[in-house]
Amino acid sequence: MGSVTKFNHHCFLLPLLLILAATTTEQATHHFLPRPRVGYYGSACWNVESIVRSVVESNFQANPANAPGILRMHFHDCFVRGCDGSVLLDGPNSERTAIPNLSLRGFNVIAEAKTQLEIACPQTVSCADILALAARDLVVLTGGPWWPVPLGRLDGRVSLASEVILPGPTDSVAVQKQMFAAKNLNTQDLVVLVAGHTIGTAGCVVFRDRFFNFNNTGSPDPTIDPSFIPQIQSQCPINGNPATRVALDTGSEGQFDTSYLNNLRNGRGVLESDQNLWTAPETRAIVERLLGRRFPFLLFGFEFARSMVKMSEIEIKTGLDGEIRRVCSAVN
């Protein structure tokens, strides 16, 4: 993997994203309870972002897989009970024990950041906010955009594996749209957030049949570029280890860019649900628009940042609904 990207690499996006943050904050004033806002902690924990960033950077350098791991964790957290850190809670029947979450990585990074923040600012910063900041910082470290993260979420007290219902690797666009709409996310949010797979990986078990025996036809999925099939078959042989992980953006592994979208256009999506974004007309039009501009990365980066802010405010806990955990893996 290439060298670590500096945090000022995409500061050209800052003016637009500050406008975005101001809009988000203005909209928040219409709620009865306080909503997340940029600069929420102020003097109570003035260095919260630098503490999280320092922990994230050191762990990323030691293990770059933390980037897709924590980005995915943030998504899984927000889609179940909202962005309340419930995915971080330990327990015999907690969200962490649900099958889609068994492969999540990066819990140690969030725990380390929490430990450092409890030293600097005891009982002040929520685990949900730490997770939102860490996801943003890791996107930056892989070459993606920086955006201001509204803060002020509280941590939830409930975490149930039975409530973990997430978009799946074989879902049609119709199913994906329905699940995103239930979280007040539109079709464009769907496309750009799923395109976070540009730094993602997946275990062979979730897509291998697509490259060998699609829907029990005995042949690969016909939407796959024929020249791409041997590459994935060699990485995920029919009798190979089902836990082997494969990059979802082949040719640009671990780098946040538009290569993932180009791969969809060329029939080189690894997951069926991803490739469906190209085969379905409505989502295909969004992919084409993102790729059709003179500087596609600028547009994709801006839209991704905007949708990440929107996602990070799903069903957040405020007031008496939550707490500031002392440790992220247990309620107080």
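Quick note, this note's numbering runs 2 ahead of the 1-based positions in the sequence shown. Glycine is no exception: its CB is placed at the ideal position from the N, C-alpha and C atoms. Quick caveat, the model's predicted, so the values are computed rather than measured.
1. Going along the chain, which residues of its own chain have a beta-carbon closer than 8 Å to the beta-carbon of Cys85, five neighbours each way excluded?
2. Looking at C-beta atoms only, is the number of pairs between the segment 51 to 68 and the segment 277 to 294 that lie closer than 8 Å three or more?
3. If you drop the 5 nearest sequence neighbours on each side, which residues of the same chain put their C-beta closer than 6 Å to that of Ala46?
4. Tell me, to the nearest whole angstrom, how far the beta carbon of Thr252 is from that of Asn265; I am working on the premise that it is less than 8 Å.
5. Helix, strand or coil for Val196 per DSSP?
6. Name the one or two DSSP bridge partners that Ala249 has.
7. Val208 to Phe306, Cα distance in whole Å?
8. Please identify the residue among Leu153, Arg138, Val111 whose C-alpha is closest to the C-alpha of Gly146.
9. Measuring only the C-alpha atoms, how far is Arg308 from Val194?
10. Relative to the C-alpha of Val142, which candidate in Thr203, Leu119, Gln257 has its C-alpha closest?
11. Applying the criterion that 16 or more other CB atoms from any shown protein chain within 10 Å of the CB defines a buried residue, is Ser96 buried or exposed?
12. So, helix, strand or coil for Glu290, using DSSP?
13. Can you tell me whether DSSP reads Lys312 as helix, strand or coil?
14. Which partner residues of Ala332 appear in the DSSP bridge assignment?
15. Please determine, among Ser105, Arg210, Val329, Ile112, the residue with the shortest C-alpha to C-alpha distance to Gly360.
16. Which whole-angstrom value describes the C-beta separation of Asp259 and Thr200, a residue pair presumed to lie in contact below a C-beta threshold of 8 Å?
17. Let me know if Phe81 comes out buried or exposed under the rule of 16 or more other beta-carbons within 10 Å of its beta-carbon.
18. Can you give the beta carbon distance from Pro171 to Glu274, rounded, assuming they're within the 8 Å contact cut?
19. Would you check if the distance between the CB atom of Ile240 and the CB atom of Phe214 is smaller than 7 Å?
Considering the structure as presented:
1. Working through the sequence shown from its first residue, we reach residue 85 at position 83. Same-chain partners within the cutoff: His76, Asp79, Ala130, Leu133, Ala134, Arg155, Met313, Ser314, Glu315, Ile316, Glu317, Ile318.
2. no
3. On the sequence shown, residue 46 is found 44 positions in, with the first residue counted as 1. Same-chain partners within the cutoff: Thr126.
4. For this step, residue 252 is matched to residue 250 along the sequence shown. For this step, residue 265 is matched to residue 263 along the sequence shown. With a Cβ gap of about 7 Å, Thr252 and Asn265 count as contacting.
5. Sequence index remark: in the sequence shown, residue 196 carries index 194 (1-based). Val196: helix per DSSP, three-state reduction.
6. Translated into positions along the sequence shown, residue 249 becomes position 247. Note: Ala249 sits in a beta bridge opposite Thr203.
7. The residue labelled residue 208 in the question sits at position 206 within the sequence shown. The residue labelled residue 306 in the question sits at position 304 within the sequence shown. Rounded to the nearest angstrom, the two C-alpha atoms are 25 Å apart.
8. Here residue 146 corresponds to residue number 144 of the sequence shown, with the count starting at 1. Nearest C-alpha to Gly146: Arg138.
9. Translated into the one-based positions of the sequence shown, residue 308 becomes position 306. Translated into the one-based positions of the sequence shown, residue 194 becomes position 192. Each residue's Cα considered, the two are about 9 Å apart.
10. As a first step, residue 142 must be located in the sequence shown, where it is residue number 140. Val142 has its Cα closest to that of Gln257, out of Thr203, Leu119, Gln257.
11. Locating residue 96 in the sequence shown gives position 94, where the first residue counts as 1. Ser96 should be labelled buried.
12. Residue numbering aside, residue 290 sits at position 288 when the sequence shown is read from its first letter. Glu290 falls in the helix class under three-state DSSP.
13. Stepping through the sequence shown from its first residue, residue 312 is reached at position 310. Here Lys312 sits in helix by DSSP.
14. Within the sequence shown, numbered from 1, the residue matching residue 332 stands at position 330. DSSP output for Ala332 lists Val329 as bridge partner(s).
15. Past the edges of the chain, shown from 3 to 334, lies residue 360, and the structure says nothing about it.
16. Here the question's residue 259 lines up with position 257 in the sequence shown. Here the question's residue 200 lines up with position 198 in the sequence shown. With a Cβ gap of about 6 Å, Asp259 and Thr200 count as contacting.
17. Residue numbering aside, residue 81 sits at position 79 when the sequence shown is read from its first letter. Buried, by the Cβ-count rule.
18. For the purposes of this step, residue 171 is taken as residue 169 along the sequence shown, with counting starting at 1. For the purposes of this step, residue 274 is taken as residue 272 along the sequence shown, with counting starting at 1. With a Cβ gap of about 6 Å, Pro171 and Glu274 count as contacting.
19. As a first step, residue 240 is located in the sequence shown; it is residue number 238 there, counting from the start. As a first step, residue 214 is located in the sequence shown; it is residue number 212 there, counting from the start. Yes, the Cβ-Cβ distance between Ile240 and Phe214 is below 7 Å.
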